[in-house]
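**Q** Here you go, one structure.
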Amino acid sequence: MELMTPPLIVKQPKPIEKETADCHKPHIEVENLNLYIQNNHILKNINMAIPDKSITCIIGPSGCGKTTLLRTFNRLHDDSVDVKITGKLFVDCEDIYAKDTEVTHIRKKMGLLAQRPCSLPMSIIDNVVYGPRIHGVRGKRKLYEIARHQLHAVGLWDEVKDRLKSPASKLSIGQQQRLCLARGLAVEPEIILGDEATSALDPISSKTIEELFLSLKDKYTIVLVTHTLRQAKRIADYVAFMYLGELIEFGTADQVFNHPKHKLTKEYISGGFS
Amino acid sequence: MLKGRLLKDKIARHYMLFATVVSIFVLFLIGGGLLYKSLPIMEEKSLWTLLTTSNWRPFKGDFGFASYILSTLFVTGIAIVIALPLSLLTSIYIIEYASPRILRAFSSVVDLLSGIPPVIYGVWGTLTIVPFISEKLAPHFVEFSTGYSVLAGGIVLAIMIIPLIISILMEVFGAVPKEMREASMSLGATKWQTVKKVVVRKSIPGIVAATVLAISRAFGETIAVLMVCGNFTDLPKSIFDACYPIPALIANNYGEMMSVPQYESALMFAAFLLFFIIVVFNVISRLVLIQIDKRYQL
């Protein structure tokens, strides 16, 4: 009974139509989010709603808080003691920063692609099935099927099918990034977060990853932090422009790139500063 | 101008090479010296007799090292069995769970602990561990124990090597990239799952290396062990019996019995034995590390 009551209390102040009508639209909703690191105000009053089954690119100059914002989505700041966060962040209408929210199921909903691919210290196949194993999937056959399916999905199967048992660190960096994507997909997430996921890769590998994102957006909500405007132009459905910790503009790619409302956005897009 | 710089470069390189060669050469010098000095006893008795018998009557010409070798192995084994799990859990806690403040405080405590002279551990062991074993622990298991025993030696030794292992393991765990932990966490792993399956796994070579270093140190530790293990030449039948490890044998007798030439040679043989055990142990562990690296490419 104890477990049942708190969510009700949390949700009561929210209007009921929020859950029924609004809920299906924005997959991730940020409300008055502020983040401080050692009293430095890093993210300033961010409000945004990220629609599902689309690619949203967060752009902006270095140090504007893009990565920090992305990391708040799956609570990766939890372990940093000097980070303080206020405000609300809803994923599927659940406030992930509410006191009683359990973090692992939030993270399970999101696959994270880091700037540099980070394979775990184990074999290729063990990397892919790491997530499912953690969440209790057992049985060799089943795990093998998961690995095969996800490696297929990222176009890596033919390259690695003969050496599934060899260490993942032996793969090239582009292959490792695809492996990381497969590993993220294996926990059946709803959202894929990419933190400049192609910046460490060669042009061909990054093209492969971009194409993967495009093919995955029917099923997943994809949020990417990117440094390269051209990449954003190529793949984004929605664009968020950030500057010095503030969200300056958020809109469809067409709107932000072709008819920017804000002066700063205009300047940034035309290469005025970087 | 250029010539002068190049000359300095050359001199520096050669000087460093010289320093390197000298320090490595010392190892062979020690090994060779010990071997040479222990030749007389090895000519007199077969190696087999020396290693497998435990009669020790220097004046009658009986030199059996079995009980010393076994004592050394027992004491070291107990020390590692106690120290390793404790140090592992401690260093995991400090690196993965503790706040930065605890981390800082604890690092200095660990450094302090490893700086305490062994003789202090020895005295402390005599005052606390020995009576504890003889009065509280041993009566449950055996009829009589003075407390000066294999177990006392093992415990004191464990307490001595714990700071050493912890400080190495803290380095090892700290060297695991943060991104790797995040990769695991972002898949929904709990902290404990991340530690177990990623951090510790990634650190296996480092854990092996730390253990090897600790064991090597434990093999050779003399004074603290000598003070609590009873120094009685017999094959220990239980961990509550007194024992007599090799370093204690050498330290207690060297310099006293120089009038008996065989005796001196026997002690030299003991020293060589210790040296040999440590070298072989280190070589084996190096091979194990290479195998681990080959298999997993961590």
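First to last, the sequence lines map onto chains A and B. With this note's numbering, letter number 274 in the first sequence gets 274, and the count goes up by one each step, no holes. Convert by adding 274 to the 1-based position in the second sequence; the result is the number in this note's numbering. Glycine residues also receive a C-beta, built at the ideal position from the N, C-alpha and C atoms.
#1: Excluding the five sequence neighbours on either side, which residues of its own chain have a C-beta within less than 6 Å of the C-beta of residue 456(B), listed in chain order?
#2: Compare the beta carbon distance of residue 460(B) and residue 76(A) with 9 Å and say whether it is the shorter of the two.
#3: Please report the distance separating the alpha-carbon of residue 325(B) from that of residue 336(B).
#4: Mind listing, in chain order, the continuous alpha helix (DSSP H) runs of no fewer than 4 residues lying wholly within the region 480-560 of chain B?
#5: Let me check one thing: in DSSP terms, what residues is residue 135(A) bridge-paired to?
#6: Flag this pair as touching only if the region 465-474 of chain B and the region 365-385 of chain B have three or more C-beta atom pairs under 8 Å; answer yes or no.
#7: Hey, how far is the Cα of residue 140(A) from the Cα of residue 150(A)?
#8: Using three-state DSSP, classify residue 93(A) as helix, strand or coil.
#9: For residue 134(A), return the contacting residues in chain B, with the cut-off set at a CB-CB distance below 7 Å.
#10: So, is residue 131(A) buried or exposed, given that buried needs 16 or more other C-beta atoms within 10 angstroms?
#11: Please compile the residues from chain B whose C-beta is within a distance smaller than 8 Å of the C-beta of residue 108(A).
#12: Below 8 Å on the Cβ atoms is my guess for residue 516(B) versus residue 505(B); work out the distance and round it to an integer in Å.
#13: Going along the region 473-505 of chain B in order, which residues come within less than 7 Å of chain A, judged by CB to CB distance?
#14: Can you list the residues of chain A that residue 264(B) reaches, using a CB-CB cut of under 7 Å?
#15: Does the distance from the CB of residue 224(A) to the CB of residue 96(A) come in under 9 Å?
#16: Indicate whether the contact test is met: 3 or more Cβ pairs, each with one atom in the region 344-364 of chain B and one in the region 428-435 of chain B, closer than 8 Å.
#17: Applying the 10 Å Cβ sphere with the 16-neighbour rule, what's the burial state of residue 66(A)?
#18: Using only the alpha-carbon positions, how far apart do residue 248(A) and residue 441(B) sit?
#19: Could you give the distance in angstroms between the alpha-carbon of residue 202(A) and the alpha-carbon of residue 119(A)?
#20: Give the secondary structure of residue 86(A) by DSSP, where H, G and I count as helix, E and B as strand, and everything else as coil.
#21: Leaving out the 5 sequence neighbours to the left and right, which residues in its chain are closer than 6 Å to residue 292(B) when beta-carbon positions are compared?
#22: Output yes or no for whether 9 Å exceeds the beta carbon distance between residue 478(B) and residue 496(B).
#23: Run through chain B and tell me which residues come within less than 7 Å of residue 81(A), C-beta to C-beta.
#24: Can you tell me which of the three DSSP states residue 449(B) falls into?
#25: Closest to residue 422(B) by C-alpha separation, out of 414(B), 415(B), 408(B), 416(B), would be which residue?
#26: So that I know if they touch, is there some Cβ in chain B lying closer than 9 Å to that of residue 21(A)?
#27: Grab the span of the alpha helix (DSSP H) containing residue 254(A) for me, first residue to last.
#28: Excluding the five sequence neighbours on either side, which residues of its own chain have a C-beta within less than 8 Å of the C-beta of residue 89(A), listed in chain order?
#29: Report the neighbours of residue 444(B) on chain A: residues whose CB is nearer than 7 Å to its CB, in chain order.
#30: Classify residue 180(A) as helix, strand or coil using the three-state DSSP reduction.
#31: Residue 542(B) versus chain A: which residues are under 7 Å apart at the beta carbon?
#32: Nearest by alpha-carbon distance to residue 392(B): which of 314(B), 548(B), 492(B), 349(B) is it?
#33: Just to confirm the assignment: which complete alpha helix (DSSP H) runs, minimum length 4, are found wholly within the region 324-386 of chain B?
#34: Report the residue from 192(A), 147(A), 221(A) whose alpha carbon sits nearest the alpha carbon of residue 165(A).
#35: Measuring only the C-alpha atoms, how far is residue 40(A) from residue 80(A)?
#36: Does chain A have any CB closer than 9 Å to the CB of residue 458(B)?
**A** The answer reads as follows:
#1: Closer than 6 Å at the Cβ level, and outside the excluded window around residue 456(B), lies no residue.
#2: Taking 9 Å as the Cβ cut-off, residue 460(B) and residue 76(A) qualify as a contacting pair.
#3: Using only the alpha carbons, I get a separation of about 12 Å.
#4: 497-502, 520-527, all fully within the region 480-560 of chain B.
#5: BP columns for residue 135(A) are empty, so no partner.
#6: Per the Cβ contact rule, the region 465-474 of chain B is in contact with the region 365-385 of chain B (3 or more Cβ pairs under 8 Å).
#7: Approximately 15 Å, taken between the alpha carbons.
#8: The answer is coil: DSSP assigns residue 93(A) none of H, G, I, E or B.
#9: 461, 462, 463, 467, listed in chain order.
#10: Buried.
#11: Neighbours of residue 108(A) in chain B, taken as residues whose beta carbon is under 8 Å from its own, are 461, 462 in chain order.
#12: Going by Cβ atoms, the distance from residue 516(B) to residue 505(B) rounds to 7 Å, so yes, they are a contact pair.
#13: Listed in sequence order: 475, 476.
#14: Since the first residue of chain B shown is 275 and the last is 572, residue 264(B) is not available in this structure.
#15: Cβ atoms of residue 224(A) and residue 96(A): not closer than 9 Å.
#16: Judged by Cβ distances under 8 Å, the region 344-364 of chain B makes contact with the region 428-435 of chain B, as three or more pairs qualify.
#17: Buried: at least 16 other Cβ atoms inside 10 Å.
#18: Cα to Cα, the separation comes out at about 48 Å.
#19: Going from the Cα of residue 202(A) to the Cα of residue 119(A) covers about 18 Å.
#20: Three-state DSSP puts residue 86(A) in a strand.
#21: There are no such residues.
#22: The answer is no: Cβ separation not under 9 Å.
#23: Here the neighbours are 373, 374.
#24: It is coil, neither helix nor strand.
#25: Measuring C-alpha to C-alpha distances from residue 422(B) to each of 414(B), 415(B), 408(B), 416(B) identifies 408(B) as the nearest.
#26: Confidence in residue 21(A) is poor, its pLDDT being 40 and thus under 50, which makes the residue's placement too unreliable to answer from.
#27: Unbroken alpha helix (DSSP H) run through residue 254(A): 253-258.
#28: In its chain, beyond the 5 residues on either side, 28, 29, 30, 31, 33, 72, 73, 95, 96, 97 have a beta carbon closer than 8 Å to the beta carbon of residue 89(A).
#29: Those do not exist, as residue 444(B) stays about 17 Å from chain A at its closest Cβ, beyond 7 Å.
#30: In the structure shown, residue 180(A) falls within a helical segment according to DSSP collapsed to helix, strand and coil.
#31: Identification of chain A residues near residue 542(B) by a Cβ-Cβ cut-off of 7 Å yields none; the smallest Cβ-Cβ distance measures about 46 Å.
#32: For the residues 314(B), 548(B), 492(B), 349(B), the minimum Cα distance to residue 392(B) belongs to 492(B).
#33: The qualifying runs are 340-366.
#34: It is 147(A).
#35: One C-alpha to the other measures close to 14 Å.
#36: Yes, residue 458(B) lies at the interface with chain A (some Cβ there is under 9 Å from its Cβ).
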